[in-house]
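Residue numbering for the sequence shown is -17 to -1, 1 to 294, as defined by mature numbering (1 follows the signal peptide of the UniProt record, and there is no 0).
Glycine residues also receive a C-beta, built at the ideal position from the N, C-alpha and C atoms.
Computed from a predicted structure; not experimentally measured.
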Amino acid sequence: MRRGLVILLVIAEAVTAWSEYEAPLVEATPDEKTGIYYFEWIVEETMTMATSGVRGEGFFEVVDYVVNETDNPWRVRISEFETHCADAVEWNNDKHNFSSLLQLDGRHQVVFTINGKTPADPIVVPLGAEIQLTVRNHLMATDMTMHVHGLNMRGNWFNDGIPFLQQCPIQAKSSHVYRIFADTIGTHWVHGHLGVDRGQGLLGAFIVTEGGKRDIREYAMVLQDWFANDWKHIWLLKKWGLMKWHRGLENPEHGSQCHQPTYTHDNGDLFADMALQSLLVNTKGWHNQSDVLHHPEKLPLTQFRIKQDSE
């Protein structure tokens, strides 16, 4: 089963408003004493379209986005049992913690995140950098590893993240330190390498530059397809030969529940286990394709500020 992912590098101007616009790439700074580039990743479950902190640490408030609302489309559901199920209040910047909101395609799902995000914030280091990446697995009951695409890893195979071959998986509630050398210039990516965890959100850009100060600003664009169902569920359906009903096994008379083969313009068969449901650019996309086609200006999609006439 193939899952699409593309990482692009875009030259652009610096921005500051993270909630509306993407932040530019920033090259990491090494430790003054050792010269090593240190990173720490906390991997844990996170609820999308939810915000934390209103009711105290560890609690979430469910968030919705009303496409046709022009003034303030963001809504926060009221969590108290005594209130009506649909009761909600408008977003209040002074009260609600927008920095903790993970949107993805606008649906409410439990995903794996790296420091609260998926994709993770890009790792950007110069050629030749020595990297120490500490991964802390705070998942409830899931083992994991991390693997970097694009590096040579010659003589360093035991840090390449292939479970049961190059390392034991990082067990839940434990940690592991990867020591990596940035030996290949390019726009690479890092992802989970046990089961289908990269489909659950364990991925991010890994960029090795030529080094030296650059006068231009750059962005990373991580493009990936996203689905409504849990990826473990999808994989088991594939294993059992039931991908025809990957959208749901209930009410089979409802035609939209079935996935049918698609074709190219010249009537050639386009083989695919499942149809694309949502396209994410970094942390944002939208699940309703009718909204994307007819009202893209109303959606909270990924935006970049590009300087006009820049080279």
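Q | Integer-rounded CB distance, given that V46 should sit under 8 Å from W57 | A | Residue numbering aside, residue 57 sits at position 74 when the sequence shown is read from its first letter. Residue numbering aside, residue 46 sits at position 63 when the sequence shown is read from its first letter. About 6 Å separates the two Cβ atoms, so the contact holds.
Q. Would the beta-carbon of T167 fall within 8 Å of that of V205?
A. Looking up residue 167 in the sequence shown gives position 184. Looking up residue 205 in the sequence shown gives position 222. Here T167 is not near V205, since their CB atoms are 8 Å or more apart.
Q. Who pairs with W24 in a beta bridge, going by DSSP?
A. Position 41 of the sequence shown, counted from the start, is the residue given in the question as residue 24. W24 pairs with V118.
Q.
According to DSSP, is K221 part of a helix, a strand, or is it coil?
A. Walking along the sequence shown from the start, residue 221 turns up at place 238. In the structure shown, K221 sits in a helix (DSSP, three-state: H, G or I).
Q.
With H, G and I counted as helix, E and B as strand and the rest as coil, what does DSSP make of I(-7)?
A. Your numbering for residue -7 matches position 11 in the sequence shown. Confidence at I(-7) is low in this model, with a pLDDT of 46, below 50, so the placement of that residue should be treated as unreliable; the coordinate-derived value is given next. It is a strand residue.
(Q) I need the straight-line Cα distance from I106 to G133, nearest angstrom please. (A) As a working note, residue 106 is residue 123 in the sequence shown. As a working note, residue 133 is residue 150 in the sequence shown. Taking the straight line joining both Cα atoms gives about 13 Å.
**Q.** CA nearest to the CA of W24, picked from V108, G99, F42, L259
**A.** For the purposes of this step, residue 24 is taken as the residue at position 41 of the sequence shown. Cα-wise, what sits closest to W24 is G99.
**Q.** A69 versus L232 - alpha carbon distance
**A.** As a position in the sequence shown, residue 69 is number 86, starting the count at 1. As a position in the sequence shown, residue 232 is number 249, starting the count at 1. For the pair A69 and L232, the Cα-to-Cα distance works out to about 27 Å.
(Q) Suppose the cutoff is 6 Å on Cβ atoms and the five residues either side in sequence are ignored; what does the same chain contact list for T(-2) look like? (A) Walking along the sequence shown from the start, residue -2 turns up at place 16. The pLDDT assigned to T(-2) is 30, lower than 50, so where the model puts this residue is not dependable, and the model offers no usable value.
Q) Per the contact definition of three or more C-beta pairs closer than 8 Å, is the segment 82 to 95 in contact with the segment 265 to 273? A) Taking 8 Å as the limit for Cβ pairs, the verdict is that the segment 82 to 95 does touch the segment 265 to 273.
**Q.** Inside the segment 144 to 230 only - alpha helix (DSSP H) runs reaching at least 4 residues
**A.** If only complete runs of 4 or more residues are kept, the segment 144 to 230 shows the alpha helix (DSSP H) at 214 to 222, in order along the chain.
Q) Are the beta-carbon atoms of N120 and V179 separated by less than 8 Å? A) As a working mapping, residue 120 is identified with position 137 in the sequence shown. As a working mapping, residue 179 is identified with position 196 in the sequence shown. Against a cut-off of 8 Å, the Cβ pair of V179 and N120 comes out as no contact.
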